[in-house]
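Each residue of the sequence shown is one higher than the one before, counting from 47 in my numbering.
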Amino acid sequence: MNNSTAQIIISIIPIVGIGIGGIVVFFYTLWHHHENKLRIKMGTYQKSHFDYKAFSLLIGILLIGVGLLLSAFFALAHGSSPALLGGLIPLVIGICLIIFYNLNPDFKKTGSDEK
Numbered sequence: 047m048n049n050s051t052a053q054i055i056i057s058i059i060p061i062v063g064i065g066i067g068g069i070v071v072f073f074y075t076l077w078h079h080h081e082n083k084l085r086i087k088m089g090t091y092q093k094s095h096f097d098y099k100a101f102s103l104l105i106g107i108l109l110i111g112v113g114l115l116l117s118a119f120f121a122l123a124h125g126s127s128p129a130l131l132g133g134l135i136p137l138v139i140g141i142c143l144i145i146f147y148n149l150n151p152d153f154k155k156t157g158s159d160e161k
């Protein structure tokens, strides 16, 4: 691809995608904030429960799987090169989430406290 115009357009695509994604996240957060304010005014607000235990386990397993596959692919395709970081970074983040899942004392509740 020697055409400089095509190279510029291709390099702008990720920037535009990140910008649009940021705008979507901003307006989602703004809408959620206004919704919570109205619920508080109406007296129907209930604090939502986010299950960090299930989230850390699920995302940890998914990132380990993706990281292993990407690491194997980049190791076979490029050998030991900086491209290997594309697989090692999600692998290490997934391992850290599994360690968080195993070491967090709030997750070690037994009996009827566990969900």
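Built from N, CA and C at the ideal position, the CB exists for glycine as well.
Go ahead and pull the three-state DSSP assignment for residue i.
| i | result |
| --- | --- |
| residue 94 | coil |
| residue 49 | coil |
| residue 155 | coil |
| residue 150 | coil |
Which residue from the options puts its Cα closest to that of residue i?
| i | options | result |
| --- | --- | --- |
| residue 105 | 118, 94 and 136 | 136 |
| residue 152 | 118, 108 and 97 | 97 |
Please classify residue i: is it buried, with 16 or more other beta-carbons within 10 angstroms of its beta-carbon, or exposed?
| i | result |
| --- | --- |
| residue 147 | buried |
| residue 113 | buried |
| residue 120 | buried |
| residue 115 | exposed |
| residue 133 | buried |
Inset, instruction - Decide if the stretch 79-98 is in contact with the stretch 120-132; the criterion is three or more beta carbon pairs, one per stretch, under 8 Å apart. - result: These segments do not touch.
Legend entry - Stretch-stretch touch, CB-based, cutoff 8 Å, three pairs: the stretch 58-76 with the stretch 91-101: Contact fails: fewer than three Cβ-Cβ distances are below 8 Å.
Inset, instruction - Please specify which runs of the alpha helix (DSSP H), each continuous and at least 4 residues long, are wholly inside the stretch 67-131, giving them in chain order. - result: If one requires a minimum length of 4 residues, the alpha helix (DSSP H) runs lying completely within the stretch 67-131 are 98-124, in chain order.
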